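The next block holds one structure in the form of structure tokens; read it before the comments.
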Amino acid sequence: MRIYRGTIVHTKSFDEFESFENGFLAVAEDGKIIGVGNDYDSWLSSNKFSPAELAEVRLSENQFLMPGFVDCHIHAPQYAQYGLGLDMPLLDWLNTYTFPLEAKFSDQSYALKVYKSVVEASIRCGTTLASYFATNNLESTLILAREAVRQGQRALIGKVCSNCNSPDYYVETTEESAKATETFVSELQGLKSPLVLPTITPRFALSCSKELLKELGDIAKRLDVHVQSHISENLAEVEVVKGIFKTSYAGAYDEAGLLTKKTVMAHGVHLEDEEIALLKQRATSIAHCPASNTMLNSGLCDVQRLISAGVTVGLGTDVSGGNSVSIQDALLRALDVSKHLEFFKKQNIRGTGEAKNPDPKYVQLKYKQAFYLATLGGAKALSLDHLTGNFMLGKEFDALLVDVSVVEEPVRPLNVNELVEKFIYTGNDRNIVEVFVAGKRVKKPESN
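Under the UniProt record's numbering, the first residue of the sequence shown carries the number 1, and numbering increases by one thereafter.
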């Protein structure tokens with residue numbers, strides 16, 4: 001059993017940040033959290049452990065323990081091109097860069113090289129749980145799943161489905177897509193990994209016929225598995241979807257049975273009030289991807305609007321629409337977007353940026369709320385918060401050991417809040433010294 005002594009932080013809700021400055025956290029041999037709080041001596045005496053059973057880890061004054069980051073939306077194959085083509089709008093970017101790249105993943109050796117790298121990179125940046133889009137190719141998607149298992153990352157993996165409005169070289173028939181999806185779910189469940197689960201993955205409504213969406217909805221319901229896709233990312237895309245399905249974007253998915261309590265939809269930038277109400281009713285979540293929304297000129301997602309309406313929100317890197325595999329970076333971008341929205345909503349801005357309904361009471365996200373989105377909020381969005389997301393008793397120990405002094409020693413002692421704030425605003429992957437998933441260390445300290 002390991003006992004961590006020092007600064008421990010986590011969240012219990014969007015507005016409830018909890019910290020233990022001289023705290024402890026106990027992890028059993030099975031990777032479950034069995035103790036957390038301030039009064040270590042009382043906990044120890046009530047449990048009557050012998051000293052021989054305990055391995056104590058003392059944190060320095062510049063270190064703290066936090067829950068692992070959750071990436072609710074990342075395209076694993078696109079790691080091969082991240083940082084490219086980001087001056088294009090969404091649909092042009094897909095046709096110029098993304099579809100040609102993803103078609104290459106029929107080459108399994110190429111797939112292994114990229115997938116090994118993206119899992120390593122995300123773990124290095126502190127992602128203990130990721131929801132991955134793969135490609136249309138079944139065999140290479142299984143390679144991604146096996147790589148996540150090998151490296152010990154908790155993950156949802158999806159074989160992408162698309163049968164229309166995609167290039168001829170990168171499209172399936174309805175029957176092929178549905179059959180391959182069922183095979184993928186079966187093969188993935190056959191790995192018998194408690195960490196890696198399948199998720200039904202229509203690319204987006206625009207690339208799937210009504211028939212295919214309905215087939216995928218039926219599979220998700222029958223097999224009781226997760227669902228992920230995109231929604232209302234780009235204004236042009238929204239109008240095309242409305243024209244094809246003769247309903248709202250959310251309505252197109254709902255008619256197919258794809259909006260469930262295990263569904264996460266990326267973006268949600270341009271949702272209408274009725275769509276938000278529908279997502280709330282279905283308990284469907286949104287993955288906020290601030291970097292890609294900015295990079296691809298999609299718009300500014302109003303997270304406060306979604307949360308106020310009762311919709312669960314997590315964060316996504318959306319590599320490679322986003323230019324970083326780090327959720328810590330996505331957290332910072334989410335704060336940026338919220339600050340921009342506050343300015344626009346409070347000011348009567350003239351010209352093309354004129355506010356339709358100035359809102360002098362609008363409040364931007366605070367860093368502790370964004371911390372929630374990056375951890376417990378993400379776990380809730382992926383319907384895995386019963387296992388991970390914070391340090392509640394009985395949950396699995398998915399955690400980061402952060403050291404704010406790795407790059408530069410602070411010029412003065414920092415309190416709990418300042419340690420977290422310092423990491424959020426100035427930190428990077430080098431400050432993440434160790435990463436744990438289900439109690440197992442998956443990133444070790446770098447040797448000097």
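Every residue, glycine too, gets a C-beta built ideally from N, C-alpha and C. This structure is a prediction, so every number in the text was calculated from the model and none was measured.
Taking only runs of the alpha helix (DSSP H) that begin and end inside the segment 262-287, which ones reach a length of at least 4 residues, in chain order? 273-282
Inter-residue Cα distance where the pair is ASP359 and ARG305: 12 Å
Supposed close pair ALA334, PRO290 - CB separation, criterion 8 Å: 5 Å
Starting from the Cα of ILE244, find the closest Cα among ASP273, HIS340, LEU400 and SER207 and give me that residue. SER207
Counting Cβ pairs closer than 8 Å, one from the segment 279-288 and one from the segment 310-326, do we hit at least three? yes
Cutoff 8 Å; reference PHE49; Cβ partners in own chain excluding five residues on either side: MET1
Less than 9 Å between the C-beta atoms of VAL433 and LEU401, yes or no? yes
GLU239, enclosing alpha helix (DSSP H) - first and last residue: 235-245
Which residue comes first and which comes last in the beta strand (DSSP E) that contains LYS440? 440-443
I'd like the list of long-range same chain contacts for ARG350, defined as Cβ closer than 8 Å, with 5 residues on each side in sequence excluded. With a pLDDT of 45 at ARG350, under the threshold of 50, the modelled position of this residue cannot be trusted; read the value that follows with caution. Excluding residues within five positions, none has a Cβ falling inside 8 Å.
List the whole-angstrom C-beta distance separating PHE133 from VAL160, where the pair is believed to meet the contact cut-off of C-beta under 8 Å. 6 Å
Are the CB atoms of ASP403 and ASN431 within a distance shorter than 9 Å? yes
Using DSSP with H/G/I as helix, E/B as strand and the rest coil, what is GLU255? helix
Out of LYS368, LEU213 and ASP429, state which residue places its alpha-carbon closest to the alpha-carbon of GLU16. LYS368
For a quick check, are the C-beta atoms of LEU142 and ALA438 less than 9 Å apart? no
Look at the alpha carbon of ILE219 and the alpha carbon of SER209, and state the distance between them as a whole number of angstroms. 16 Å
Tell me whether residue 455 sits in a helix, a strand or coil according to DSSP, three-state version. The shown model of the chain, from 1 to 448, leaves out residue 455, and the question about it has no answer.
Taking VAL337 as the reference, give the member of LEU112, SER324, THR294 and GLY316 with the closest Cα. THR294
Indicate the three-state DSSP secondary structure (helix, strand or coil) for ASP403 in the structure shown. strand
Could you check if GLU233 is buried or exposed, using at least 16 other CB atoms within 10 Å of its CB as the buried criterion? buried
At least one CB of chain B closer than 9 Å to the CB of ALA256: is that the case? Among the protein chains of the structure shown there is no chain B, as only one such chain exists.
Check whether the Cβ atoms of ASP398 and ARG154 sit closer than 9 Å, and answer yes or no. yes
Can you look up ARG203 in the DSSP assignment and give me helix, strand or coil? coil
Out of ARG5, ASP30, VAL416 and GLU102, state which residue places its alpha-carbon closest to the alpha-carbon of ASP39. ARG5
Is PHE69 near GLN228, with beta carbons less than 9 Å apart? no
Beta-carbon spacing of ARG271, ILE231 below 9 Å: Here residue 271 turns out to be Leu, not Arg, going by the sequence shown. Taking 9 Å as the Cβ cut-off, LEU271 and ILE231 qualify as a contacting pair.
For THR11, the nearest candidate out of LYS444, SER405, LEU419 and ALA370 (CA to CA): ALA370
In this structure, what does DSSP give as the bridge partners for ILE432? VAL402
Exposed or buried, what is VAL118 when buried is set at 16 or more other beta-carbons lying within 10 Å of its beta-carbon? buried
Which residue marks the beginning of the alpha helix (DSSP H) containing ARG305, and which one marks its end? 303-308
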